[in-house]
Every structure is written in structure tokens, then in C-alpha cells.
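*Asks:*
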Amino acid sequence: MDDRKRDKPRHLGRGLQSLLGPIISGSGETNRGGVGLADAHNFPLDNELRDSLREIPVGEISPNPYQARTVWNDQELLELAESIRANGVIQPIIVRPAGAGYQLIAGERRFRAAQLASLETIPALVRGATDEQLHEWALVENIHRADLNPVERARAYQSYIGTFSLTQAEAAQRLGEDRSVVANYLRILDLPDEIKQMLMDGQITMGHARAILALPTDEVRRKLANRAMAGRLSVREVERLVRRYLTESGRTKPTVPSKPAHIVDLERKLSSQLGTRVSIETRRNGQRGRIIIEFYSLDEFDGIAEKMGVSCGQEV
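Residue 398 in this note's numbering sits at position 14 of the sequence shown; the count goes up by one each step and never skips.
1) Once DSSP output is grouped into helix, strand and coil, what is the label at N415?
2) Among R563, N533, L570 and R496, which one has its Cα closest to the Cα of E460?
3) So, V565 versus A595, is the Cβ gap smaller than 8 Å?
4) Looking at the unbroken beta strand (DSSP E) that takes in L437, where does it start and where does it end?
5) Just reading off the alpha helix (DSSP H) that R453 is part of, what are its end residues?
6) If the criterion is Cβ atoms closer than 8 Å, does the pair I664 and I677 meet it?
7) Identify, in the order they occur along the chain, each residue of the same chain with its Cβ nearer than 8 Å to the Cβ of V479, setting aside the five sequence neighbours on each side.
8) When the Cα of G443 is compared with those of S502, Q475 and Q451, which residue comes out closest?
9) From L630 to G546, what distance separates their C-alpha atoms?
10) In or out: Q581 buried (at least 16 other Cβ within 10 Å) or exposed?
11) From the DSSP output, in three-state form, read off R674 for me.
12) With a threshold of 7 Å on Cβ separation, who are the neighbours of P380 within its own chain once the five nearest residues in sequence on each side are excluded?
13) Relative to the alpha-carbon of A598, which residue among M613, N568 and Q671 has its alpha-carbon at the smallest distance?
14) Looking at the structure shown, is Y486 part of a helix, part of a strand, or coil, going by DSSP?
15) What does L509 pair with, by DSSP beta-bridge criteria?
16) How is the beta strand (DSSP E) around E351 delimited, first residue to last?
17) Would you give the residue range spanned by the alpha helix (DSSP H) that K643 belongs to?
18) Who are I445's beta bridge partners in DSSP?
19) Nearest CA to the CA of A538: which residue from A513, I506, F548 and D574?
20) If you count every other CB in all the chains shown that lies within 10 Å of the CB of W456, and 16 or more means buried, which is it?
In C-alpha cells, the structure reads:
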């Protein structure tokens, strides 16, 4: 693997780091544990950041309309609420002014738990944010804390791209993601609803879903997804079943004249070199034809292109 790709830093997304800002103790060391109102004097000498920390009535805060999460673990929220009752809110939420009150930017778990704990007020950083920033920061916060299930994440990408008329490449750049990651998540939205529900419930993984997407029909996809779930098949086992199905279904096609031995040998060499199935079709006595290179996921496509020395900066 290219060292530059392996060492590529993960981003928080455009603007999110400046939104959160550094919180530094009096000794100059970064405080990674959050801060309460009593610690306001430990903020860096940034008057705007220091003055933005307030105790805000919980009832004056409305949720983030762009919150990507749709599934919340009730037990985890109850446990967080109990912790808040015992210790208070250690890390402030982030809000923006909205009408006569405030709108949540980040920290919805803490906000929901504070409501469950019947708190009257909650510590919050008040920051300015446009609708576009609100949408972007809510998505980035969840992605980089791994709070979203694959379908939520895919729908969040779809909403972000559609709301701001972005290409997949533009969205990936602004969110600090590889384009192939965004594209792979968007592809799972093409799966039948039953399979998407399996993903949301954790009965199959993103790896299973990406393999199943290579199958040609929803009926076949459902059958394999149910088999994978019932048999607890690994991703590699599902990938093998997909390849076998595609190979066998290809054999049922009308027979064609056998290929010359040198063409078969060339197909074999190309397949070995690229790590995927390659077929060569010729016509006009071998003077013209085409080479078909198969791939079963966007990651595999990127790997093939890299072997061929092709840059994949644009969408497939």
C-alpha cells in the first residue's frame, strides 16, 4: 500500500476543529476531558470562546434538524442520564442562536440525556453557524465518532450531497473522507429494504452488503442476505458465494465458439495481473475487439485502476 495513503490523517471536516476550538488548562496542556462552567478561566485567551460558554435552559434548545442519527440506544441514554445526575454535564454541548432560543449543533446524546435527567440548564458553547455548517458539522461529528449505522450514514451522505448540490468527490473532500468511502455507502441505498434493515439492526455488516450488491437482482440479493444472517457467514464466505453465483450464471448463457488458445492464455495472464476476471472478445478475424475487466466493488475498481497506473479522482 502507498505510504502516503496509509499515513493520510483523518479530518474532522472543514470548520469543525475551529468550531470546537482548543481547550487549554492553566498549565498550557490540552484538556481532553471537557470542561464545566467552573473551569471557564482555563480557556485560552480567546474572549469570544471564553464568553460563549453559558448555562442555557434545556427548554430553550431545539434539536439539530440535520441530525443524521435516527436510532438511539435507550439503555445507553439512561446510563448517561444517571451519570449526569451524579456528576453533571462534564463536556458542554454546542448550540447556535435561533429565534428566541437556541438550536443544537453538536452533543445530542448529552442533550437527550440531560432531558432524561430532568436538568433545568445545561452548559453550552454558543457559536455562529450557517445552515450549511450546521448540516456538515452534525454529519461529521457522528461519522468520526462511529455513531451511525451504515444506512444512517449513507442517507446522511445522500442528504448532504443533495442539499448543497455537491458531487461525491466534493462531499468527500469537505468531509475529510475518501471518495470511494462515500460512493460505497451511497450504493447500499440500492439494496432492498429488508437488507437495509438487517444492516441497521447489525445482523449483517457493511462488508456483507457490499458483496451482495454485486448480485444482479433483488431476489437473489435477499436470498443470500438471509443465508448470511441465518448461517452467520463471514464476509469472505459471502464474497465466495457471490463469485460462484456469477460464474455459474455466466455458464448458462448461450454457448459461443471456443476462443483460440493464445486468447485464453492472454486472458489468464491479464486476470492474474489485475486480480480479477478479464475476458477478450474478438471479431473480424481478430483484428478488432474489446477487453472486459470485471470488478465487484468500488474498492476493487480503485485497486485495479491503481495497478494500471490510472488515477481515480472522479466518480465511477
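Where is the CB? At the ideal position from N, CA and C, for every residue including glycine. Because the structure is a prediction, the values reported are computed rather than measured.
*Replies:* The structure says:
1) Unreliable placement is indicated for N415, whose pLDDT of 36 sits below 50; the coordinate value is still reported in the next sentence. Note: N415 maps to coil in three-state DSSP.
2) R496
3) no
4) L437 to P441
5) It is not in any alpha helix (DSSP H) - R453 carries neither H nor E in the DSSP assignment.
6) no
7) I440, I445, Y486, Q487, L488, I489, A508, L509, V510 and R511
8) S502
9) 34 Å
10) exposed
11) strand
12) There is no way to answer for residue 380, as the model of the chain reaches only from 385 to 700.
13) N568
14) strand
15) L437 and I478
16) Residue numbering for the chain in the displayed model covers 385 to 700; residue 351 lies beyond these limits and cannot be assessed.
17) Careful: K643 lies outside any alpha helix (DSSP H) and carries neither H nor E.
18) Y486
19) D574
20) exposed
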